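Protein chains in written order, with this note's numbering: chain B, 1 to 349; chain X, 350 to 698.
Glycine is no exception: its CB is placed at the ideal position from the N, C-alpha and C atoms.
For clarity, every value in this text was computed on a predicted model and none was experimentally measured.
Below is one structure, written out as structure tokens; the observations come after it.
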DNA sequence: TAGACTACCGCAAACGTTTTGGACGTCAAC
DNA sequence: GTTGACGTCCAAAACGTTTGCGGTAGTCTA
């Protein structure tokens, strides 16, 4: 099933068959019709390896999924893939997926893809403030689009979601409910998103002239949420509300709180509706971000410049029931003091 | 960065360079060493498209992820990818991933992969009793391995988990706790796994000479679990315990039961530890199954026969707290009657 | 010395497609 | 009639790698 077969059947050269299928204007329309009909008749599909060899393109986009043990409760990557996959298929580009643990293993996976010339571009997510992946890809002039930004000084393409505003809004909501001591269970600060979410929480408290509540940072698993909330509740001055950087942390925290805390999460996981009480959370437009990322990357591969390819989408507060009002005795507390706040890092690896 | 470059540098033919790198015995070991050293010095990577063109292989394995809206809460596919990805990378085989909704869209994705000769094999999961995908792949002599089996009469390679035994065991556990009316919230019967799990539940009740409790079948989302359990609790003879085909169904059911039901799920999702009460569930060895699937598929692509490539792994009951004893008044019920049981199909699409 | 054998290397073709540059026939203008 | 433009088609080379087969030189044995 090759061009040669069609050319023999129709008495045309391989060149003409190729040009007819490829849309070249210097093929007579009658000839083109014959070629198209025959190609369809035999269900011709070009050999992509031959094409890509000739064109000097890999014909694929790479994605390395994180595969540390705590990563499997999060549908984020599945939702990315579900949006990205069909869009690339439609453009006849392969989505090449592998998985690696962050660190040396992950960098090896990127090197294999990039230096092995297996991909024309890379999509990556869950960026870190200092992200070795981004630096590597920039060093190698490999087109890529990130979900999330980073401290990298060189310009690169990204789609981010405004976690700072989302967390400011969520904190303001808790303040409006009367809470005056609001804790934060955050992901580690190496992640850009964690940094932004914390800035939003801190900014809202600062604007309200309130001291920050306790902060605990941990990999975003249910277990770490449970442990962190338990710790906070046992402290001398427990918060009455906690903001969680992810819904998974929130599910664990909700379990530990046993009705004693108002809790807001982030991600709007399907399970969030079925916690007790149903979780107030923040929904991010993953599908929209993913679609935009694909567009950007295809443009970059075609030679576009990254200038202007930095977009920030807005998240949305989803109000359910876990953001209860503050206990009555705390509503009387006067804002206006700035004592130092208690801060713990990384409970679990 | 090609063989030609190395051949020029070393004053050898391209043939000899290729053979040296390819391990041919008719190259002098001193020559081979020179070639390997130079290849490493310039970080040579072969052009896979050229290789694959010459070898007549696609060099990739395909996977089509389900992307119906309810599919994103389930880490099953992420866990599959996390095991499959690195193993294929190690074998220098690309994992080509796309996503499609079950039905015409999905079949189109398979056709694109198979008829476009983009893959040398396929891995698929969540098999149906009558599975168009399996029939199609068999029709096209495309090597594939399924996670789960099907009613297809022709032999094919699969790795399954014994859901029937798992559900029999779980039902027996509920019986041992004194439950005599045990409902089932199952996935639709088109799925092989749903059929097997129901058979296990039914078999254990039959062996105990008890009538089956109510059965509701629905796509396995939290919402459907909630609705089904609510329906069962409102019935004239509510069950005292419910077996759920998946943890996601169980989370929803747990929420609806408000402490009135014993519930056992399946999947051991991370979130299951943090439900209230913590969910008793069944853990399946996804990683083991995925690794075995990769081995089988690579063997099939190398020409092995599917005979003997049908394996069934065992799941494990994880006891937590959601399988409470039956209310005292029901423990007195005598086993031995077989009234007809109430059965509803598909609450939500 | 001649013939057989083997180690080692290289020529050429193959894989399927794309693209460059040119050939050829026809038509219109001069 | 000649020249130039244009439509249409095709030969050849390119892409990078692999592999079958053959050539050559060296060694060994009769």
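- Sequence-distant partners of residue 118 of chain B (beyond 5 residues in either direction) whose C-beta falls short of 8 Å from its own C-beta, in its chain, are 58, 60, 62, 96, 112.
- The straight-line gap separating the alpha-carbon atoms of residue 645 of chain X and residue 442 of chain X is approximately 14 Å.
- If you check each beta-carbon in the stretch 576 to 601 of chain X against every beta-carbon of chain B, the ones closer than 8 Å belong to 597, 600, 601.
- Under DSSP, residue 183 of chain B shares a beta bridge with B:242.
- Residue-level contact check: residue 117 of chain B touches chain X, since one or more beta carbons of chain X fall below 9 Å from its beta carbon.
- Looking at B:276, B:262, B:304, the one whose alpha-carbon comes closest to that of residue 170 of chain B is B:262.
- With respect to chain X, the C-beta atom of residue 147 of chain B has no partner C-beta closer than 9 Å.
- The C-beta of residue 158 of chain B comes no closer than 9 Å to any C-beta of chain X.
- Interface criterion not met: the Cβ of residue 493 of chain X is under 9 Å from no Cβ in chain B.
- In the structure shown, residue 571 of chain X adopts helical secondary structure according to DSSP, grouped into three states.
- Under the DSSP assignment, residue 507 of chain X falls in the beta strand (DSSP E) whose first and last residues are 506 to 510.
- When only Cα atoms are considered, residue 507 of chain X and residue 653 of chain X end up about 14 Å apart.
- Residues of chain B whose Cβ lies closer than 7 Å to the Cβ of residue 394 of chain X are, in chain order, 115, 116, 117.
- When Cβ-Cβ separations below 9 Å define contact, residue 604 of chain X makes contact with chain B.
- Per the coordinates, the alpha-carbon of residue 254 of chain B lies some 29 Å from the alpha-carbon of residue 634 of chain X.
- Cα atoms of residue 598 of chain X and residue 626 of chain X: separation of roughly 15 Å, rounded to the nearest angstrom.
- Against chain B, the CB of residue 446 of chain X has a partner CB under 9 Å away; the residue lies at that interface.
- Less than 9 Å divides the Cβ of residue 218 of chain B from the Cβ of residue 187 of chain B.
- The straight-line gap separating the alpha-carbon atoms of residue 607 of chain X and residue 162 of chain B is approximately 37 Å.
- Residue 623 of chain X has a beta carbon lying within less than 9 Å of a beta carbon in chain B.
- Taking the Cα positions, residue 287 of chain B is about 12 Å away from residue 160 of chain B.
- Per DSSP, residue 443 of chain X is one residue of the beta strand (DSSP E) stretching across 443 to 449.
- Per DSSP, the continuous beta strand (DSSP E) segment holding residue 66 of chain B begins and ends at 60 to 66.
- With contact defined as three or more Cβ pairs closer than 8 Å, the stretch 549 to 567 of chain X and the stretch 577 to 592 of chain X are in contact.
- Residues of chain X whose Cβ lies closer than 8 Å to the Cβ of residue 94 of chain B are, in chain order, 409, 443, 445, 467.
- At least 9 Å separates the CB of residue 167 of chain B from every CB of chain X.
- The C-beta of residue 387 of chain X comes no closer than 9 Å to any C-beta of chain B.
- Residues of chain X whose Cβ lies closer than 7 Å to the Cβ of residue 100 of chain B are, in chain order, 435.
- Note that the stretch 480 to 488 of chain X does not touch the stretch 423 to 442 of chain X; fewer than 3 beta-carbon pairs, one per stretch, sit closer than 8 Å.
- The beta carbons of residue 421 of chain X and residue 270 of chain B sit closer together than 9 Å.
- Between residue 605 of chain X and residue 576 of chain X, the C-beta spacing is below 9 Å.
- Counting along the chain, residue 474 of chain X sits inside the beta strand (DSSP E) bounded by residues 470 to 474.
- Looking at the DSSP output, residue 666 of chain X shares a beta bridge with X:631.
- The distance from the Cβ of residue 315 of chain B to that of residue 283 of chain B is about 6 Å, consistent with a contact at the 8 Å cut-off.
- Remark: C-beta atoms of residue 126 of chain B and residue 193 of chain B approach each other more closely than 9 Å.
- In this structure, the straight-line span from the alpha carbon of residue 42 of chain B to that of residue 413 of chain X is close to 25 Å.
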